[in-house]
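Protein sequences appear in the order of chains A and B.
FYI, in our numbering the residues of the first sequence are 92 to 415.
FYI, in our numbering the residues of the second sequence are 15 to 331.
Ideal Cβ placement from N, Cα and C applies to all residues, glycine included.
Here the structure is laid out as structure tokens; the discussion comes afterwards.
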Amino acid sequence: MAPVQIRGTVLTVRRVDAYHALTLVAPAIATKFRPGQFITVAVGGPETSMLGRRAFAVHDVRPDHGGTVEFVFEARGPGTRWLAALRARDTLDTVGPLGRPFPIPRDPSSCLLLGVGYGSAPLFALAARLRERGCSIDYLLGGESADRVFGALTARRNGRSAAVVTTDGSFGARGPVTGLMEQIIREARTDVIYACAPVPVLREVTAIAGRYDIPVQASVDVPMACGTGVCMGCVLPVTGTDGITRIVRSCVDGPVFRGDLVRWDDMGTIPFDALGAPGWAGPGGYGGAGSPSQGGSGGMGPPGRDSRGGLGGIVPPGQQSHAG
Amino acid sequence: MPADMRARLGQAELPNLVLAAAGCAGAGRELAQFVDVARVGALISKSIMAEPHTGNPAPRLAETPSGMLNSVGLQGPGVDAFLQRDLPWLLSRGARVVVSIAGQTIREYAGLAARLSDTAGVTAIEVNLSCPNAEDAGQLFALDPQRAGSVIAAVRGSARYDIPVFAKLSPDVTDIVAVARACVAAGADGLSLINTLLGMAIDPATMRPVLAGKYGGLSGPAIRPVAVRCVWQVRAAFPDVPIIGAGGVRTGRDALELMLAGASMIAVGTEIIHDPSACSRVLKELEEELASIGADRAADVVGQAHGRIPRGLAWRA
Numbered sequence: 092m093a094p095v096q097i098r099g100t101v102l103t104v105r106r107v108d109a110y111h112a113l114t115l116v117a118p119a120i121a122t123k124f125r126p127g128q129f130i131t132v133a134v135g136g137p138e139t140s141m142l143g144r145r146a147f148a149v150h151d152v153r154p155d156h157g158g159t160v161e162f163v164f165e166a167r168g169p170g171t172r173w174l175a176a177l178r179a180r181d182t183l184d185t186v187g188p189l190g191r192p193f194p195i196p197r198d199p200s201s202c203l204l205l206g207v208g209y210g211s212a213p214l215f216a217l218a219a220r221l222r223e224r225g226c227s228i229d230y231l232l233g234g235e236s237a238d239r240v241f242g243a244l245t246a247r248r249n250g251r252s253a254a255v256v257t258t259d260g261s262f263g264a265r266g267p268v269t270g271l272m273e274q275i276i277r278e279a280r281t282d283v284i285y286a287c288a289p290v291p292v293l294r295e296v297t298a299i300a301g302r303y304d305i306p307v308q309a310s311v312d313v314p315m316a317c318g319t320g321v322c323m324g325c326v327l328p329v330t331g332t333d334g335i336t337r338i339v340r341s342c343v344d345g346p347v348f349r350g351d352l353v354r355w356d357d358m359g360t361i362p363f364d365a366l367g368a369p370g371w372a373g374p375g376g377y378g379g380a381g382s383p384s385q386g387g388s389g390g391m392g393p394p395g396r397d398s399r400g401g402l403g404g405i406v407p408p409g410q411q412s413h414a415g
Numbered sequence: 015m016p017a018d019m020r021a022r023l024g025q026a027e028l029p030n031l032v033l034a035a036a037g038c039a040g041a042g043r044e045l046a047q048f049v050d051v052a053r054v055g056a057l058i059s060k061s062i063m064a065e066p067h068t069g070n071p072a073p074r075l076a077e078t079p080s081g082m083l084n085s086v087g088l089q090g091p092g093v094d095a096f097l098q099r100d101l102p103w104l105l106s107r108g109a110r111v112v113v114s115i116a117g118q119t120i121r122e123y124a125g126l127a128a129r130l131s132d133t134a135g136v137t138a139i140e141v142n143l144s145c146p147n148a149e150d151a152g153q154l155f156a157l158d159p160q161r162a163g164s165v166i167a168a169v170r171g172s173a174r175y176d177i178p179v180f181a182k183l184s185p186d187v188t189d190i191v192a193v194a195r196a197c198v199a200a201g202a203d204g205l206s207l208i209n210t211l212l213g214m215a216i217d218p219a220t221m222r223p224v225l226a227g228k229y230g231g232l233s234g235p236a237i238r239p240v241a242v243r244c245v246w247q248v249r250a251a252f253p254d255v256p257i258i259g260a261g262g263v264r265t266g267r268d269a270l271e272l273m274l275a276g277a278s279m280i281a282v283g284t285e286i287i288h289d290p291s292a293c294s295r296v297l298k299e300l301e302e303e304l305a306s307i308g309a310d311r312a313a314d315v316v317g318q319a320h321g322r323i324p325r326g327l328a329w330r331a
């Protein structure tokens, strides 16, 4: 359904451990929302010097006040700090719902919902939708530390199982979030995995799931500036069902992608076999001539210092220190 | 009474003078979710190339104070897909379409102009000269008056006579009037001022350039004073050549400033990223600005900041 641009009225901004949750009265967005979709907001007020919109996965929508939308973020740059300082009755330029939602299985399935940091936020609305279809839900939530695991209580309350992993061991098991994945897959006889996490985690999740032949629906966290498809900033290489790799926009073609179709190892590059790649159609274009293909997947740097990340969690250590 | 906002673009009469700038309106469909494209003065397409083009790797964007750096690298579907898919859709929605073209050789530009001339519904061609010249070690056409003029001459020679050709100039030159002069002499019907300024951002945390393409085009309100200066200088030199003013327009007041400098049409660019309904909002704000100064016609304020320009000094092609 088509997105709308509205001035939403802030209902609450509350602290949730290391993060903030902002609830907005936005009936036109709430009624159209499907789990996995996101919104963008303009930050800094009318004279702002921050031109990029900030994108956040929708955590939840509720019917009160005609329809509210909640999103979760970490205040780590000037834009998100501005958001955290908003108060009830302030207004916020908001666009949504944007992007493709999570596909829902036709038949009751065993679903593993994996989230890292506040990237877990969109999983709970998804779980509600999955339960309507008779699916069983197992959660695997991760974060650097106890205060960076989002929604563990909710997960324990409404999941068939809920496992928590932290990097420092302050909550649940210690280690990478993928460490427990295989055990859960085997015990829960998982049919499908939904994952919202930083790109390196999604790559690992997809690799493990591939060994068990389990499909992954991955919500990809790449920096966005517009959220509507005009700026071409949030691109990544994705193979189509026709076998052709295209450079697609996460905001309109995602943010949810089939994990096995994303070329995780080629993130941040233009694969030579992509449709329209330099070797395919001649030398490169403006501003990038001569450097069309950079090796490695490093430097998924954000457009702003907020390293927005609302679409699935924390930016890996070492890439967030410029978050100010 | 609201001011008359109409503008002439060659043979076409635009219902208003606020346009969507190249590369900021997507293929039109993205924008149409938020504004009625039939009520945008004209939509300038993303720069179209002869073949599909992936553009540059990510990261492609960096936010800077009141600005945005981009090195998208002209990602696009190529002219065939544009003509089959995007242009018919825009026309079906009642939009007026200015097609921005980009090439790596003069031949490629000329070929694109010829292709577009076979098609109904192209209101004008905007020639994006900020492309690396494959025959000149990747030097941008826009940086050299002679090369820029050669492209415009080739495009003007290939385009149907009744399709106006606008040259989009780069501000990254010592003398923009010299480039403008070459383009007008080569047959440009008008000029678009300005394209982005080349800039760069380095991330102190990684100690590396933020953009994968290293450099990027700087746009947004940060560059508006440069746009005003360029429009002013070119208008002073060529008072009869229509100018599409672009560069950091965020409000109706910003649009009015560029008009006073000499732009008869205004293109809204980066602000669309910040506010998807920017085109209709800027138009409304501009109407209010004109009403507040008592102007009956938008055209009356164009170039007013210059006072009277002695006609004898006007350059003639």
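| Query | Result |
| --- | --- |
| Pop quiz: glycine 233 (chain A) and valine 268 (chain A) are said to be a contact at Cβ under 8 Å. What is the actual Cβ separation, rounded to whole angstroms? | 3 Å |
| Kindly list, in the order they appear in chain A, the residues whose Cβ is closer than 7 Å to that of leucine 300 (chain B). | Chain A residues near leucine 300 (chain B): none, gap ~17 Å exceeds 7 Å. |
| Counting only C-beta atoms, is glycine 320 (chain A) closer than 8 Å to chain B at any point? | yes |
| Could you check the C-alpha separation between phenylalanine 159 (chain A) and leucine 154 (chain B) for me, to the nearest Å? | Checking the sequence shown, residue 159 (chain A) turns out to be threonine, not phenylalanine. Threonine 159 (chain A) and leucine 154 (chain B): Cα-Cα distance of roughly 50 Å. |
| Can you give the Cα-Cα distance for glycine 390 (chain A) and aspartate 357 (chain A), rounded to whole angstroms? | Below a pLDDT of 50, predicted positions are generally treated as unreliable, and glycine 390 (chain A), at 32, falls in that range; the measurement from the model is reported next regardless. If I take the Cα positions, the gap works out to 12 Å. |
| Does DSSP put tyrosine 209 (chain A) in a helix, a strand or coil? | helix |
| Please name the residue in B:Val113, B:Glu303 and B:Gly135 whose C-alpha comes closest to that of serine 106 (chain B). | B:Gly135 |
| Should the stretch 176-184 of chain B be called in touch with the stretch 199-218 of chain B, which here means at least 3 C-beta pairs below 8 Å? | yes |
| Below 8 Å on the Cβ atoms is my contact criterion, and I expect arginine 74 (chain B) with serine 61 (chain B) to pass it. Report the Cβ-Cβ distance as a whole number of Å. | Actually they are not in contact, since the Cβ atoms of arginine 74 (chain B) and serine 61 (chain B) sit about 15 Å apart, beyond 8 Å. |
| Beta-carbon within less than 7 Å of glutamate 149 (chain B)'s beta-carbon, same chain only, minus the 5 sequence neighbours each way: which residues are those? | Thr119 |
| So the candidates are A:Val116, A:Gly206 and A:Ile120; which of them puts its Cα closest to the Cα of alanine 243 (chain A)? | A:Gly206 |
| Can you tell me whether glutamine 98 (chain B) is buried or exposed, with buried defined as 16 or more other CB within 10 angstroms of its CB? | exposed |
| Which same chain residues, not among the five before or five after leucine 31 (chain B), have their C-beta less than 7 Å away from its C-beta? | Met19, Ala21, Gly55, Ser278, Met279, Ile280 and Ala312 |
| Got a sec? Which residues, its chain only, sit under 6 Å from valine 258 (chain A) by beta carbon, not counting five neighbours each side? | Valine is not the amino acid found at residue 258 (chain A); the sequence shown has threonine there. Once the five neighbours on either side are set aside, the close Cβ partners of threonine 258 (chain A) are Glu235. |
| Tell me the rounded alpha-carbon separation between lysine 298 (chain B) and glycine 266 (chain B). | 7 Å |
| Report, in whole angstroms, the separation of the C-beta atoms of proline 290 (chain B) and glutamine 96 (chain A), which I expect to be a contact under 8 Å. | 6 Å |
| Comparing alpha-carbon positions, which option in A:Asp304, A:Tyr110, A:Leu183 and A:Asp181 lies nearest histidine 150 (chain A)? | A:Tyr110 |
| Could one say the Cβ of glutamine 96 (chain A) lies closer than 8 Å to chain B's Cβ atoms, at least one of them? | yes |
| Our contact map puts leucine 142 (chain A) next to glutamate 77 (chain B) with C-beta atoms below 8 Å; I'd like the distance itself, whole angstroms only. | 6 Å |
| I need the DSSP call for valine 54 (chain B), collapsed to helix, strand or coil. | coil |
| Across the stretch 303-320 of chain A and the stretch 336-352 of chain A, are there enough close Cβ pairs to call them in contact, namely three or more that are closer than 8 Å? | yes |
| In whole angstroms, give me the CA-to-CA distance for tryptophan 294 (chain A) and cysteine 287 (chain A). | Per the sequence presented here, residue 294 (chain A) reads as arginine, with tryptophan not at that position. Arginine 294 (chain A) and cysteine 287 (chain A): Cα-Cα distance of roughly 11 Å. |
| Starting from leucine 212 (chain B), trace the beta strand (DSSP E) both ways and give me its first and last residue. | 211-214 |
| Check whether chain A comes within 8 Å of aspartate 289 (chain B), counting only Cβ atoms and requiring the distance to be less than that. | yes |
| Would you say alanine 95 (chain B) touches the ligand HEM, meaning its beta carbon is less than 7 Å from a heavy atom? | The ligand content of the structure shown is nil, which means the ligand HEM is not present either. |
| Return the Cβ separation of asparagine 70 (chain B) and glycine 87 (chain B) in integer angstroms, given the expectation that the two are a contact with Cβ distance under 8 Å. | 3 Å |
| How should aspartate 312 (chain A) be labelled, buried or exposed, when 16 other C-beta atoms within 10 angstroms of its C-beta is the threshold for buried? | buried |
| Using a cut-off of 8 Å between C-beta atoms, extract the partners of isoleucine 361 (chain A) located in chain B. | Thr68, Gly69, Asn70 and Pro71 |
| Give me the residue from B:Val141, B:Pro239, B:Gly24 and B:Gly108 with the minimum Cα distance to serine 206 (chain B). | B:Val141 |
| Within the stretch 65-126 of chain B, note down every full beta strand (DSSP E) run reaching 3 residues or more, in order along the chain. | 75-78, 81-84 and 111-115 |
| So is alanine 2 (chain B) buried or exposed if we call it buried at 16+ other beta carbons inside 10 Å? | Within the shown structure, residues of chain B are numbered from 15 to 331, placing residue 2 (chain B) beyond reach of any answer. |
| Once DSSP output is grouped into helix, strand and coil, what is the label at glutamate 301 (chain B)? | helix |
| By the three-class DSSP mapping on this structure, what secondary structure does alanine 237 (chain A) have? | helix |
| Taking only beta carbons into account, state which residues of the stretch 80-94 of chain B come closer than 9 Å to chain A, listed in chain order. | Ser80, Gly81, Met82, Leu83, Asn84, Ser85, Val86, Gly87, Leu88, Gln89, Gly90, Pro91 and Gly92 |
| Sorted by chain position, which residues of the same chain lie with C-beta nearer than 6 Å to aspartate 181 (chain A)'s C-beta, five sequence neighbours on each side aside? | Val101 |
| Reducing DSSP to helix, strand and coil, say where arginine 302 (chain A) ends up. | helix |
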